[in-house]
Amino acid sequence: MWNTTDRKPTVWGPAYSGRETLHSDGSLLIRRVTQKDRGLYTLRILRTDTGSEEATAQLQVDTFLSLYCKSLTSSQLMIQPVPPRYAAEGESVLLQVHNLPEDLQAFSWYKSEYKSPDNKIVEYTRVLNSISWGPAHRKGMVYDNGSLILQNVTQKDAGIYTLEVLNKYFNFEKAYVEFHVKNLGFQYPGALGSIILQMLADLLLNGTASVENVP
């Protein structure tokens with residue numbers, strides 16, 4: 000496809016499927032992605048001085064979401080990463096919690112699959128409505144529905160995260176989530192940004208207590 004800034008119409012190429020939308024800032028939105036859409040995408044920009052620039056991004060398409068949606072009918076504590084599994088450096092990652100127990104007393108997040116004081120990110124206590132940040136804290140936000148946002152992620156943030164929940168019977172339940180951080184060299188803020196904003200809106204409706212921490 001081809002687009003110019005002088006309001007000429009967009010010219011679509013042979014690879015156009017009818018599911019793509021090209022935004023004026025260069026962002027490309029692909030709807031209803033399938034395994035056939037995965038691979039490398041290249042953006043070429045022609046400058047007014049007749050020079051050009053190129054940037055390449057890799058699109059990963061995983062069946063994780065479809066499998067995840069089927070299992071939401073259960074009452075099992077679950078975590079959904081947004082973006083799913085792969086994030087670009089500098090983006091925000093939402094670890095959205097589902098099926099948090101109604102008799103929740105407290106929950107804690109750990110930057111590891113193992114529970115230890117050094118790996119603790121944050122702890123929330125419902126009866127006190129209090130939030131305390133641990134040694135593994137970083138810039139982000141936590142909500143009283145258990146969800147956690149990590150801002151401006153880097154390669155160091157990739158890995159396994161553990162959510163531990165304490166109910167009124169003093170029983171513990173754990174859930175794990177993993178995501179990777181890629182240095183893609185180019186990001187598409189339009190499509191991905193809209194997903195994050197929608198998730199944030201949902202969180203604000205369902206969770207009222209949040210604290211931002213700036214290390």
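Residue numbers (numbering that gives the first Met the number 0): 0 to 214. C-beta atoms are modelled at their ideal positions from N, C-alpha and C, and glycine is treated no differently. Computed from a predicted structure; not experimentally measured.
DSSP state of residue i mapped onto helix, strand, coil
i, result
"asparagine 118", "helix"
"glutamine 75", "coil"
"glutamine 104", "strand"
"phenylalanine 185", "The predicted model places phenylalanine 185 with a pLDDT of 47, which falls under 50 and marks its position as unreliable; any figure quoted below should be read in that light. It is coil, neither helix nor strand."
"glutamine 95", "strand"
Whole-angstrom distance between residue j and residue i, CA atom to CA atom
i, j, result
"arginine 46", "glutamate 53", "11 angstroms"
"proline 13", "glycine 25", "19 angstroms"
"isoleucine 148", "arginine 18", "30 angstroms"
"valine 176", "isoleucine 159", "6 angstroms"
"glutamate 88", "lysine 155", "10 angstroms"
"leucine 58", "aspartate 117", "35 angstroms"
"threonine 33", "aspartate 48", "38 angstroms"
"leucine 162", "proline 8", "49 angstroms"
"serine 51", "leucine 27", "19 angstroms"
"valine 152", "glutamate 90", "6 angstroms"
"leucine 39", "histidine 136", "34 angstroms"
"alanine 190", "histidine 97", "Bear in mind that a pLDDT of 42 at alanine 190, under 50, signals an unreliable position, so the model cannot answer this."
8 angstroms CB neighbourhood of residue i in its chain, flanking five on each side removed
i, result
"leucine 99", "Leu76, Phe106, Asn144, Gly145 and Val164"
"phenylalanine 171", "Glu163, Val164 and Leu165"
"asparagine 182", "Ala87, Glu88 and Gln154"
Boundaries (first-last residue) of the beta strand (DSSP E) holding residue i
i, result
"phenylalanine 178", "171–181"
"alanine 86", "85–87"
Sequence-distant residues of its chain with Cβ nearer than 7 angstroms to residue i (five each side left out)
i, result
"serine 16", "none"
"leucine 94", "Ile78, Pro80, Ser146, Leu147, Tyr160 and Val176"
"arginine 31", "Arg18"
"serine 111", "Asn118, Ile159 and Thr161"
Own chain partners of residue i with C-beta closer than 6 angstroms, once the 5 adjacent residues on each side are dropped
i, result
"lysine 281", "Since the displayed the chain opens at 0 and closes at 214, residue 281 lies outside it and no answer follows."
"glutamate 122", "Ser107 and Ser131"
Minimum Cβ-Cβ distance from residue i to chain B less than 9 angstroms
i, result
"leucine 39", "Looking for chain B here will not work: only one protein chain is present."
Within the segment 5–30, note down every full beta strand (DSSP E) run reaching 3 residues or more, in order along the chain.
Correct list: 19–21 and 27–29.
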